[in-house]
Amino acid sequence: MVGRIPVIDVEPVLEAGTNNPTESRHLPVKAALGEPFPVSATVFREGHDRLGAEVVLVGPDGVRRPPVRMQALPARDRFTVDRYEAWVSADAEGPWAYEIHAWSSPLGTWFHDAGIKIRAGVDVELMFAEGRLLFERVLAGGGLTAAEQTTVEAAIAAAADDQRPVEARLAQLESPEVVSTLEAHPLRDLLTVEGPFPVYVDRPRALFGSWYEFFPRSEGATYDPATGEVTSGTFRTAAERLPAVAAMGFDVIYLPPIHPIGEVNRKGPNNTVLPDGEPTPPDWKGSPWAIGSKDGGHDAVHPDLGTIRDFDAFVAAAKALDLEVALDLALQCAPDHPWVATHPEWFTTRADGSIAYAENPPKKYQDIYPVNFDNDPAGISAEVLRVVRHWMAHGVRIFRVDNPHTKPVAFWQWLLAEVRRTDPDVLFLAEAFTKPPMLQTLGAIGFHQSYTYFTWRTEKVDVEDYLREVSQESAHRVRPNFFVNTPDILHEFLQYGGPAAFRIRAVLAAMSSPSWGMYAGYELGEHVAVKPGSEEYLDSEKYQIRVRDWTTATGATNGNGLTAYVTRLNAIRRAHPALQLLRNLHLHQAEDDHVVCWSKRAGRDTVIVVLSLDPHQVRESMVHLDLAALGLEPGTSFTVHDELTGGEWTWGEHDYVRLDPAQPAHILTVKEHL
Numbered sequence: 001m002v003g004r005i006p007v008i009d010v011e012p013v014l015e016a017g018t019n020n021p022t023e024s025r026h027l028p029v030k031a032a033l034g035e036p037f038p039v040s041a042t043v044f045r046e047g048h049d050r051l052g053a054e055v056v057l058v059g060p061d062g063v064r065r066p067p068v069r070m071q072a073l074p075a076r077d078r079f080t081v082d083r084y085e086a087w088v089s090a091d092a093e094g095p096w097a098y099e100i101h102a103w104s105s106p107l108g109t110w111f112h113d114a115g116i117k118i119r120a121g122v123d124v125e126l127m128f129a130e131g132r133l134l135f136e137r138v139l140a141g142g143g144l145t146a147a148e149q150t151t152v153e154a155a156i157a158a159a160a161d162d163q164r165p166v167e168a169r170l171a172q173l174e175s176p177e178v179v180s181t182l183e184a185h186p187l188r189d190l191l192t193v194e195g196p197f198p199v200y201v202d203r204p205r206a207l208f209g210s211w212y213e214f215f216p217r218s219e220g221a222t223y224d225p226a227t228g229e230v231t232s233g234t235f236r237t238a239a240e241r242l243p244a245v246a247a248m249g250f251d252v253i254y255l256p257p258i259h260p261i262g263e264v265n266r267k268g269p270n271n272t273v274l275p276d277g278e279p280t281p282p283d284w285k286g287s288p289w290a291i292g293s294k295d296g297g298h299d300a301v302h303p304d305l306g307t308i309r310d311f312d313a314f315v316a317a318a319k320a321l322d323l324e325v326a327l328d329l330a331l332q333c334a335p336d337h338p339w340v341a342t343h344p345e346w347f348t349t350r351a352d353g354s355i356a357y358a359e360n361p362p363k364k365y366q367d368i369y370p371v372n373f374d375n376d377p378a379g380i381s382a383e384v385l386r387v388v389r390h391w392m393a394h395g396v397r398i399f400r401v402d403n404p405h406t407k408p409v410a411f412w413q414w415l416l417a418e419v420r421r422t423d424p425d426v427l428f429l430a431e432a433f434t435k436p437p438m439l440q441t442l443g444a445i446g447f448h449q450s451y452t453y454f455t456w457r458t459e460k461v462d463v464e465d466y467l468r469e470v471s472q473e474s475a476h477r478v479r480p481n482f483f484v485n486t487p488d489i490l491h492e493f494l495q496y497g498g499p500a501a502f503r504i505r506a507v508l509a510a511m512s513s514p515s516w517g518m519y520a521g522y523e524l525g526e527h528v529a530v531k532p533g534s535e536e537y538l539d540s541e542k543y544q545i546r547v548r549d550w551t552t553a554t555g556a557t558n559g560n561g562l563t564a565y566v567t568r569l570n571a572i573r574r575a576h577p578a579l580q581l582l583r584n585l586h587l588h589q590a591e592d593d594h595v596v597c598w599s600k601r602a603g604r605d606t607v608i609v610v611l612s613l614d615p616h617q618v619r620e621s622m623v624h625l626d627l628a629a630l631g632l633e634p635g636t637s638f639t640v641h642d643e644l645t646g647g648e649w650t651w652g653e654h655d656y657v658r659l660d661p662a663q664p665a666h667i668l669t670v671k672e673h674l
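Under the UniProt record's numbering, the sequence shown has 107 at position 107, and the numbering climbs by one with no breaks.
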């Protein structure tokens, strides 16, 4: 039922879609510790009396925090009148809620009417008398400081003193001291409470972090040119690479599956498939996503990588460098996975009696059996939870989930809730390259982060639309993680754009999203696809061990200085709180159709990014800044510092930029107002 003061169209709210009347009809919206997020609603009432509204956060302890007053928003059209908003933030992790309190404001009504009537000489003493009664109600309500009490008492005396000039009495009642005191202690008549609406507040890493992905079997791997033999890296050799990853400023080291790899239908280099009946060559290493063999399944490590103790040592080495280990959770099996023998009912049997392998036409994965969650869902769920807890016990607190959109949403909702119930610090990233409804729903039911369509947004209109979407329209349900490349995706922009393309995409990801990621080889400028029109790497690391010369990554040869560039981007992110938030992104106008501009602001920290999307030629443009979005008054001039070059300039509302492929971006911090 609508309240006495109607509060409608509340945002952010996530509908649960449940058909169980005992369950909440709302899912918790996303927030992180200390992260400001907006709450808005349409609030109105009959007639012309004034009203007020505020947001009240309710903590995990059930205690209501001090209210935050909602402010009226400018109407954009006839559908957005009477819209109010407040930005709030939580001071502890866990399950929160927010309420919207709305009320009739007799003080607001009086100030409006008195300002008109008294100046017009209408009902002058009656208006002063009514004001005095309202001020006395404020005084009787208590909670005022000594200074506030003195201010209100003086206002009461002025309202009652008919010997003073009317103008002087009204001026005193409308003084900033009186108005601010009464705004801090409003009279709330006809109070209406809407809510509670659930919010879950995660640890900061759910919102902010820089991810680096590598294959342990490639790190420290060796190649013998005499025999052509490649020797796998191990957890111990991979740990030797961790200081370099940490030095680049990354926070999370993400490992693809580390489990035994199936031997049946094993894939060869560049996804090569053997004709039926031919034995697998001994140098074929197979895909880590073809999980399971005689050596074990999802709770085992590949013998070539070492032992579980070696994995524990790797996790400890990462922790010593302030790196968190994220592990791939891929719920699929090789044909010789132990589950196939012990639980054949967990898979799909075809009409000829064979188990169906995975397909994503035109791609075929003969080395992988998908798990069928419609067969024994309780048994499968229990086993997956056991596997997840196994790795949690070995220090893994982040999981990157492979293809979650091919498993039931209800399963993920249950699994994530079970883990959150006992270990709320454990995070899950969804590799949800899928249709928008599935991607958005996976975020809504509990995934902390998600891969996105960022990779395919390269044109200006698409980039701006997508930045607006992820930072404003969907931020309450999906946290984006902008990966610039993955073992599956080498976009043509990187294939043909040269080193400038790698800089452009890194700046776009790292400066617009609080979480971004990079797959090993990016800093080397690896850009060759298996064939024209494909997004697969040539000699993809998914199917073979890749021996790299990391000494080139720090120089100007293969890497073209990309390691230093990425390191600088991560340092800028860590130094500026504004870049560690999602919902604060604001787009500005750039006249050139290959230049984008956005800003982020947190308190006094303001960052402006101007980026060319053209990796091939110089771009010149005028940039028109929305000074209000920067917290500046119209006409303000200010000093900006370029975090990439060290240059400083005086900027204002309209500014000229020249960007070239060698330096395609300005990352500007506002130093001082002039």
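Glycine is no exception: its CB is placed at the ideal position from the N, C-alpha and C atoms.
- Rounded to the nearest whole angstrom, the CA to CA distance from residue 452 to residue 482 is 7 Å.
- Around the beta carbon of residue 430, 16 or more other beta carbons lie within 10 angstroms, which makes this residue buried.
- In this structure residue 82 touches residue 44 by the C-beta definition: roughly 4 Å separates them, less than 8 Å.
- In this structure, DSSP gives residue 271 a helical state, which the three-state scheme calls helix.
- The distance from the Cβ of residue 151 to that of residue 177 is about 5 Å, consistent with a contact at the 8 Å cut-off.
- Just so you know, the alpha carbons of residue 410 and residue 58 end up roughly 28 Å apart.
- Taking a 10 Å sphere around the C-beta of residue 336, we find 16 or more other C-beta atoms and assign the residue as buried.
- The alpha helix (DSSP H) runs lying completely inside the region 529-586 and spanning 4 residues or more are 562-575, given in chain order.
- Excluding the 5 residues flanking it on each side, residue 70 has same chain C-beta neighbours closer than 7 Å at 53, 54, 55, 84, 85, 86, in chain order.
- The beta strand (DSSP E) runs of length 3 or more contained entirely in the region 198-230 are, from start to end of the chain, 209-213, 222-224.
- Residue 317 and residue 444 have their C-alpha atoms some 34 Å from each other.
- Straight through space, the alpha carbons of residue 328 and residue 433 are spaced by roughly 16 Å.
- Taking every protein chain shown into account, the CB of residue 496 has fewer than 16 other CB atoms within 10 angstroms, so this residue is exposed.
- Within the region 376-401, the runs of beta strand (DSSP E) that reach at least 3 residues and sit entirely inside it are, in chain order, 398-401.
- Considering only 29, 114, 365, 238, the residue with the shortest C-alpha distance to residue 271 is 365.
- With the rule of 3 Cβ pairs closer than 8 Å, the region 362-379 counts as touching the region 257-275.
- Approximately 5 Å separates the beta-carbon atoms of residue 373 and residue 408; this is inside 8 Å, confirming the contact.
- Here residue 496 carries a helix assignment [DSSP, helix/strand/coil].
- Going by DSSP, residue 99 is part of no alpha helix (DSSP H) but of the beta strand (DSSP E) stretching over 94-104.
- If you check the CB distance, residue 623 and residue 591 come in under 9 Å.
- A residue is called buried when at least 16 other Cβ atoms come within 10 angstroms of its Cβ; residue 578 meets this threshold and is buried.
- In this structure, the straight-line span from the alpha carbon of residue 478 to that of residue 446 is close to 9 Å.
- Rounded to the nearest angstrom, the gap between the Cα atoms of residue 649 and residue 642 is 8 Å.
- An exposed status is given to residue 48, since fewer than 16 other beta-carbon atoms sit within 10 Å of its beta-carbon.
- Here the region 208-220 makes no contact with the region 99-119; the two share fewer than three CB pairs at distances below 8 Å.
- Nearest Cα to residue 663 within the set 422, 92, 503: 503.
- By the beta-carbon neighbour count (other beta carbons within 10 angstroms, threshold 16), residue 259 is buried.
- A Cβ-Cβ distance of about 6 Å is found for the pair residue 404 and residue 412, placing them in contact under the 8 Å criterion.
- DSSP places residue 87 inside the beta strand (DSSP E), whose first and last residues are 83-88.
- In this structure the region 241-248 does not lie against the region 459-466, because fewer than three pairs of beta carbons, one per stretch, are closer than 8 Å.
- Rounded to the nearest angstrom, the Cβ distance from residue 190 to residue 5 is 6 Å, consistent with a contact under 8 Å.
- Cβ contact annotation for residue 299 (same chain, cutoff 6 Å, sequence separation greater than five): 387, 390, in chain order.
- A direct Cα-Cα distance of roughly 24 Å separates residue 546 from residue 565.
- Contact annotation: residue 96 and residue 60 have beta-carbon atoms nearer than 9 Å.
- Straight across, the Cα-Cα distance linking residue 657 with residue 613 is about 14 Å.
- Residue 617 sits exposed, since fewer than 16 C-beta atoms from the chains shown fall within 10 Å of its C-beta.
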